[in-house]
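Residue numbers (our numbering): 302 to 468.
Note that the Cβ used here is the ideal one computed from N, Cα and C, for glycine as well.
This is the structure we're talking about:
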């Protein structure tokens, strides 16, 4: 895996968007009812921006994950055709649990999770190995998505976004 760490894009302020930031979708994680999660187009990147209450710092904070927009069609296709399909229909075998690919110098990957956001909740972890977490200051940046959210409409919304911004 490449060790090149990309320069941070800068945190999105939900209450003061910049001219190159556009809110594409608001997400509701029912296990985190006080968090405000937005999908934002920031320049040529898809940003998952979370406004949450930090119990450690006792203040509201922002966290975010950044992915090149050109990777989104591959992410959507991988979820739909590799993770969601049975092996006999072209999906992953019972032993395959992850995939990754490089886009404009950034390695993007997807892993299966058995405990996504809470115990025994299956999901996917989408990561960017070339960007550091804003809080921990280590790579990768990671976005966890429960499978039920993808199946109940999020995957369709991601398809629309991918179609709108694909080159």
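Per the DSSP secondary-structure output, residue 384 pairs with nothing in a beta bridge. Under the three-state reduction of DSSP output, residue 437 falls in the coil class, being neither helix nor strand.
As DSSP reads the structure, residue 354 sits in a beta bridge with 361. When 462, 456, 348 are compared, the shortest CA-CA separation from residue 447 is found for 456.
Excluding five sequence positions before and after residue 467, the CB atoms of its chain that fall closer than 6 Å to its own CB belong to 374, given in chain order. Taking a cut-off of 8 Å for Cβ pairs, the region 325 to 335 and the region 383 to 392 do not touch, as fewer than three such pairs fall below it. Taken in chain order, the unbroken stretches of beta strand (DSSP E) that lie wholly in the region 310 to 340 and span 3 residues or more are 322 to 328. The closest CA to that of residue 427, considering only 325, 342, 322, 348, is found on 348. Taking a cut-off of 8 Å for Cβ pairs, the region 413 to 420 and the region 337 to 346 do not touch, as fewer than three such pairs fall below it.
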